[in-house]
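Start counting the sequence shown at 1113; every next residue gets the next number (our numbering). Okay, structure first, notes after.
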Amino acid sequence: MRGSSRATALQVAQATFEGLAPLLIEHGITSLEAEALWRAVCVHAAAKAQAIDGRRPNVSRVSVKTGVDRHTVTTLLRAPPEVDVALSSRRDAMSRVIEGWLSDPEYAEKGSPRDLHIGDPASKGRSIWSLVQRYAAGVWPRLIIDELIGMDHVDTLPDGRLRLKRVASQKPLSRRVVQEGAGQRMRHAVRALFRDATKADAGRAWRTAQSLEIGEQDLPLVRKMLHDRLDAMFAWITDELNSARWRRDGSTAGTRMRVGLSGFTFEEALPKDVGSENLRKVRRSKR
């Protein structure tokens, strides 16, 4: 049983990694950076599990559970799991550079960012190099330039200049809110997938409804329909879960539990003719 559940856990982990990998690659996060963060998260999770069991976190026990060297465990437990500090500083510097590119009259014309050559330490006049030196002093410009290209913030023109892409502005959430919300939802989703894979007779925890094929022009209406249905359904379920019928006085023995339902919408572009081909096969099979 242990071997079977371990194999299932690895399959769920692989599915989770396959979902995360495109997101990490899209935002220029390397596998080495993700592995370092994963190692820190594992160490803190093992230490937290010991605390839940009523024991003080033990470095040797955490090391055995995670396969991480004891000295590394000691270092990682001194602070919460963090992304690479150098990477974070580059992200902050890149934000300042983009803001300067959009607003500085020398690098923007009538509110529109100019196309700029990359430049180098010896170049004169306007360039990405001089822009970085102005708005991210102390950061090697080549790092920011590689980040801009790697994260697809710019288009490369035939003459070698870079053109800044327009990105819709969004109100930023605090880092703590993002971490807590995303972490909780991911934990629930992974546990539900594992439960479905190991306890088929207990009833499925994970359910999915999806379309066969939708035209891009219909997306706004479909999005609104899904959001309206989810809002109504979750409001009703929240009232049911918090109704008086489930409340007990403090004398009730046993572990207190939190039970809930999470939902999200997703969109995925289909390869050309995939949906149409499937529909043609269905029609042929009915003849």
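Note that the Cβ used here is the ideal one computed from N, Cα and C, for glycine as well.
Practice task
Might you give, ordered along the chain, the residues of its own chain that have their beta carbon closer than 6 Å to the beta carbon of A1304, omitting 5 neighbours on each side?
Solution key: Spatial neighbours of A1304 in its own chain (CB-CB distance under 6 Å, excluding positions within 5 residues in sequence) are listed in chain order as A1317, W1318.
Problem - Cβ contact check for the stretch 1241–1256 and the stretch 1216–1232: 3 or more pairs under 8 Å - result: Because the criterion of three Cβ pairs below 8 Å is met, the stretch 1241–1256 and the stretch 1216–1232 touch.
Handout entry: Validate contact between the stretch 1146–1157 and the stretch 1170–1182 using beta carbons, cut 8 Å, 3 pairs
Key = Yes: at least three Cβ pairs fall under 8 Å.
Handout entry: Which listed residue (L1189, Q1126, W1150) has its alpha carbon closest to that of R1168
Key = Nearest C-alpha to R1168: L1189.
Handout entry: Short Cβ contact (8 Å threshold) for L1214 with A1220
Key = In this structure, the beta-carbon distance from L1214 to A1220 falls below 8 Å.
Handout entry: Burial state of L1274 (16 or more Cβ within 10 Å)
Key = Counting the other Cβ atoms within 10 Å of the Cβ of L1274 gives 16 or more, which makes it buried.
Practice task
Could you tell me whether the Cβ atoms of M1337 and H1139 are closer together than 8 Å?
Solution key: For M1337 and H1139, no; Cβs fall outside 8 Å.
Exercise for the section: Could you name the residues that DSSP lists as bridge partners for S1224? Expected result: Beta-bridge analysis with DSSP links S1224 to E1221.
Practice task
Apply the 10 Å Cβ neighbour rule to P1225 and answer buried if 16 or more other Cβ atoms are within range, or exposed otherwise.
Solution key: Buried: at least 16 other Cβ atoms inside 10 Å.
Problem - C-beta neighbour in chain C for L1255, strict 8 Å - result: In the structure shown, chain C does not exist; there is a single protein chain.
Handout entry: Residue of R1278, K1236, S1207 minimising C-alpha distance to I1257
Key = Comparing Cα positions, the closest option is S1207.
Exercise for the section: If I'm right that A1146 touches L1136 with Cβ under 8 Å, what's the distance once you round it to whole angstroms? Expected result: About 6 Å separates the two Cβ atoms, so the contact holds.
Practice task
Under 7 Å Cβ to Cβ from Y1247, same chain only, skipping five residues before and after it: list those, please.
Solution key: Correct list, in chain order: R1208, V1209, G1212.
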